[in-house]
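Below is one structure; the comments refer to it alone.
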Amino acid sequence: MIFEMFEMRDIYLPKLPGLTKHCQMIDILIFNYKPKIYSHLCNNNIRVEMFCSEWIFALFASVIPVENMAIFYDRLLQDGWSFFYKVILSFLNQFEKLLLEEDDLAGILSVLKSQNHITK
């Protein structure tokens, strides 16, 4: 039921339509709410799929400390994908300065893919 409720199956179907949908949504949100980060990512040829795919496939298990996962999943089940998107914007807000200081693809992706960033 949860799998269907969150359209998780779509994420793993051939051609990954669910993953594409969520990456497009995240791209739009970053463009609208974090324009400096969006420009910085574009200037460094970084597409949202390069860092968000892992977050979507694993529902943030790669960046949220284990002790905070229950809280995250409770909120995700309560509020759905909108909560997931809010967490992404919060994460980007929290690390905006650090992201903008990085000046190459490897450095930017390192910040975005670092483990245990999200603590609240």
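Each residue of the sequence shown is one higher than the last, beginning at 2 in our numbering. Glycine is no exception: its CB is placed at the ideal position from the N, C-alpha and C atoms.
Query: Specify the secondary structure class of N117 as computed by DSSP and reduced to three states.; Result: Because the pLDDT at N117 is just 49, under 50, the model does not fix this residue reliably, and the point stays unresolved.
Query: So, using beta-carbon positions, are I109 and N45 closer together than 8 Å?; Result: yes
Query: Look up A62 in the DSSP assignment and say whether it is helix, strand or coil.; Result: coil
Query: If you follow the alpha helix (DSSP H) that L20 is in, where does it begin and where does it stop?; Result: P18 to Y34
Query: Using 8 Å as the threshold, is the stretch 52-64 in touch with the stretch 93-100, meaning 3 or more CB pairs across them?; Result: no
Query: Could you check how far apart the C-beta atoms of E8 and C24 are, in whole angstroms? I think they sit under 8 Å.; Result: About 14 Å; that fails the 8 Å criterion.
Query: Taking 7 Å as the limit between beta carbons, can you name the residues of its chain near F85, skipping five residues before and five after?; Result: L77
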